[in-house]
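K.L.:
For the sequence shown, this note's numbering gives the first residue as 33, with consecutive numbering after it.
The C-beta atom is built at its ideal place from N, Cα and C for all residues, glycine as well.
This structure is in structure tokens; I'll ask about it shortly.
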Amino acid sequence: MSPSVAVAAVTFDRPRELAVLLDAINRQTSPVSSICLVDSGTAPAKEVADRHSNVDYVRSEANLGGAGGFSLAILKAVASGADWIWMMDDDAEPGDPECLATLLREAEARGMDAVVPLVAAPGHPDRLSFFFRLDGKVTHDRAEVEKLGFLPDDGHFFNGALIRSDVFFKVGLPDMRLFIRGDEVDFTIRLRKAGIRFGTVTTTAITHPHAFAETQHVFGARWHVIVPETAFKRYYYYRNRGYLIRRHFRVKSFVADVGGYLGYFLRRGDFRGLADWFRAFSTGLRGKGFAPLKDQKF
Numbered sequence: 033m034s035p036s037v038a039v040a041a042v043t044f045d046r047p048r049e050l051a052v053l054l055d056a057i058n059r060q061t062s063p064v065s066s067i068c069l070v071d072s073g074t075a076p077a078k079e080v081a082d083r084h085s086n087v088d089y090v091r092s093e094a095n096l097g098g099a100g101g102f103s104l105a106i107l108k109a110v111a112s113g114a115d116w117i118w119m120m121d122d123d124a125e126p127g128d129p130e131c132l133a134t135l136l137r138e139a140e141a142r143g144m145d146a147v148v149p150l151v152a153a154p155g156h157p158d159r160l161s162f163f164f165r166l167d168g169k170v171t172h173d174r175a176e177v178e179k180l181g182f183l184p185d186d187g188h189f190f191n192g193a194l195i196r197s198d199v200f201f202k203v204g205l206p207d208m209r210l211f212i213r214g215d216e217v218d219f220t221i222r223l224r225k226a227g228i229r230f231g232t233v234t235t236t237a238i239t240h241p242h243a244f245a246e247t248q249h250v251f252g253a254r255w256h257v258i259v260p261e262t263a264f265k266r267y268y269y270y271r272n273r274g275y276l277i278r279r280h281f282r283v284k285s286f287v288a289d290v291g292g293y294l295g296y297f298l299r300r301g302d303f304r305g306l307a308d309w310f311r312a313f314s315t316g317l318r319g320k321g322f323a324p325l326k327d328q329k330f
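Here it is in structure tokens:
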């Protein structure tokens, strides 16, 4: 008997993208038992969800963020009794109808508890939306990563991640305090600490909007920082970086962030940017700045 799969998906004011995602999921050669969809948007997407009989639609009047939305969707998906949970953001799309089948096959063959596909940039199939670090250097080149085959203990959560249901009982849910940015890093660290076997399947992919402009090199190809494009995203990214360094005692990350951001902002003469980074980063280092968010769009 083939394992059962439930999708845990989140959406926020992207009805067109959501429609594409739901159609693509239900075209998979390996069927899903249910799609647990949490909608925190300002305009409910129930009409889109109702086009598919297997969508379990949950409307949230509070903006839960990516982490909170995924947590609720995961709980619903796990409660359905599925063996595996397949996680999707509303602006993602499986690259082909065999995506889920490939992930399941590789996970079973390799004895993995979680597998993730490559994440390709829409309109740029040869480029990865999120970089891998190979031999100390950052690369977005899909072919360069593909030739390595399966990548154990490495991957970009949460989009497209296929995770055994019992993993969430061992490591918990995404931390909704992180709201956006950093929740996937925290979850990956927890997987490693718990000894969960996971990796990247390079023979299949999903598409998801890229963040090429956010990667800023400081001292050559081996040292870079991430600078999100909006003030809102920058604050939460910097704060959450500080918090994760505190929570997981990440000394190397502390050195890399302090050196990297000092170098980036000072070389540009951007003292306002440096002050904003320090304020948010230090807030996270002190474990502060966590409060309910109202009507924030991300």
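Could you check which residue in Y296, F189 and S161 has the C-alpha nearest to that of V177?
P.N.:
Locating residue 177 in the sequence shown gives position 145, where the first residue counts as 1. The shortest C-alpha separation from V177 is found at S161.
K.L.:
Once the 5 residues before and after R273 are set aside, which same chain residues still bring their CB inside 8 Å of it?
P.N.:
One-based indexing of the sequence shown puts residue 273 at position 241. Contacts found: G214, S285, D289, F313 and G316.
K.L.:
DSSP puts F303 in a beta bridge; with which residues?
P.N.:
Here residue 303 refers to the residue found at position 271 when the sequence shown is read from its first residue. In DSSP, F303 forms no bridge with anything.
K.L.:
Indicate whether the contact test is met: 3 or more Cβ pairs, each with one atom in the segment 295 to 303 and one in the segment 229 to 246, closer than 8 Å.
P.N.:
Judged by Cβ distances under 8 Å, the segment 295 to 303 makes no contact with the segment 229 to 246, as fewer than three pairs qualify.
K.L.:
Three or more beta-carbon pairs under 8 Å between the segment 50 to 62 and the segment 123 to 134, yes or no?
P.N.:
Touching, yes.
K.L.:
Roughly how many angstroms separate the alpha carbons of K320 and D207, rounded to a whole number?
P.N.:
Locating residue 320 in the sequence shown gives position 288, where the first residue counts as 1. Locating residue 207 in the sequence shown gives position 175, where the first residue counts as 1. Computed Cα separation, rounded: 15 Å.
K.L.:
Flag this pair as yes or no: are the beta carbons of V42 and A139 separated by less than 7 Å?
P.N.:
Position 10 of the sequence shown, counting from 1, holds the residue named residue 42. Position 107 of the sequence shown, counting from 1, holds the residue named residue 139. No, Cβ-Cβ distance for V42 and A139 is not below 7 Å.
K.L.:
For F330, which residues from the same chain have a beta carbon less than 6 Å from its beta carbon, with the 5 sequence-adjacent residues on both sides left out?
P.N.:
Taking the sequence shown and counting its residues from 1, the one referred to as residue 330 is at position 298. Below a pLDDT of 50, predicted positions are generally treated as unreliable, and F330, at 44, falls in that range; no measurement from the model is reported.
K.L.:
For V90, I'd like the list of residues in its chain whose CB is within less than 6 Å of its CB, leaving aside the five on either flank, ordered along the chain.
P.N.:
One-based indexing of the sequence shown puts residue 90 at position 58. For V90, where only same-chain residues beyond five positions count, the Cβ hits under 6 Å are V70.
K.L.:
Report the option in K169, M144, P241 and M33 whose CA atom is closest to the CA atom of H156.
P.N.:
Here the question's residue 156 lines up with position 124 in the sequence shown. Among K169, M144, P241 and M33, the Cα nearest to that of H156 belongs to P241.
K.L.:
Looking at the structure shown, is A243 part of a helix, part of a strand, or coil, going by DSSP?
P.N.:
Counted from its first residue, the sequence shown places residue 243 at position 211. Coil at A243, not helix or strand.
K.L.:
Which whole-angstrom value is the C-beta distance of A51 and V87, which I expect to be below 8 Å?
P.N.:
Counted from its first residue, the sequence shown places residue 51 at position 19. Counted from its first residue, the sequence shown places residue 87 at position 55. In fact, because the Cβ distance is near 11 Å, the residues do not count as touching under 8 Å.
K.L.:
DSSP three-state call for P47: helix, strand or coil?
P.N.:
Position 15 of the sequence shown, counted from the first residue, corresponds to residue 47. Here P47 sits in helix by DSSP.
K.L.:
Given this structure, state the Cα-to-Cα distance separating R48 from A77, to the nearest angstrom.
P.N.:
Locating residue 48 in the sequence shown gives position 16, counting from the first residue. Locating residue 77 in the sequence shown gives position 45, counting from the first residue. Each residue's alpha carbon lies about 10 Å from the other.
K.L.:
So within the segment 104 to 149, which uninterrupted alpha helix (DSSP H) runs reach at least 4 residues, ignoring any that extend past its ends?
P.N.:
Complete alpha helix (DSSP H) runs here, min 4: 131 to 142.
K.L.:
A38 and S72 - do their beta-carbons sit closer together than 7 Å?
P.N.:
On the sequence shown, position 40 is the one that residue 72 refers to. On the sequence shown, position 6 is the one that residue 38 refers to. No. Outside cutoff.
K.L.:
How many Å lie between R174 and T220 at the Cα?
P.N.:
If you number the sequence shown from 1, residue 174 lands on position 142. If you number the sequence shown from 1, residue 220 lands on position 188. Roughly 22 Å separates the two Cα atoms.
K.L.:
Distance, Cα to Cα, L166 vs V147?
P.N.:
Here residue 166 refers to the residue found at position 134 of the sequence shown. Here residue 147 refers to the residue found at position 115 of the sequence shown. Rounded to whole angstroms, L166 to V147 spans 19 Å at the Cα level.
K.L.:
Using DSSP's beta-bridge definition, name the partner residues of K169.
P.N.:
Residue numbering aside, residue 169 sits at position 137 when the sequence shown is read from its first letter. BP columns for K169 point to L166.
K.L.:
Below 7 Å CB to CB, which residues in the same chain sit around Y268 once its five sequence neighbours on both sides are set aside?
P.N.:
The residue labelled residue 268 in the question sits at position 236 within the sequence shown. F211, I212 and R213, listed in sequence order.
K.L.:
Can you find the residues in the same chain that come closer than 6 Å, C-beta to C-beta, to D44, ignoring five residues on each side of it along the sequence?
P.N.:
Working through the sequence shown from its first residue, we reach residue 44 at position 12. For clarity, residue 44 is Phe in the given sequence; the question names Asp instead. The residues are S72 and G73.
K.L.:
Quick one: is G168 buried, meaning 16 or more other Cβ sit within 10 Å of its Cβ, or exposed?
P.N.:
The residue you call residue 168 lines up with position 136 of the sequence shown. Burial call: exposed.
K.L.:
Using only CA atoms, which one of A75, R254 and A141 lies nearest to F182?
P.N.:
The count along the sequence shown starts at 1 and reaches residue 182 at position 150. Checking every option, the nearest Cα to that of F182 belongs to A141.
K.L.:
Taking only three categories from DSSP, how would you classify S285?
P.N.:
Here residue 285 is taken as the residue at index 253 of the sequence shown, counted from 1. Note: S285 maps to helix in three-state DSSP.
K.L.:
Counting C-beta neighbours from all protein chains within 10 Å, is the total for R83 16 or more, i.e. buried, or is it exposed?
P.N.:
Residue 83 sits at position 51 when you count from the first residue of the sequence shown. With fewer than 16 Cβ atoms within 10 Å of its Cβ, R83 is classed as exposed.
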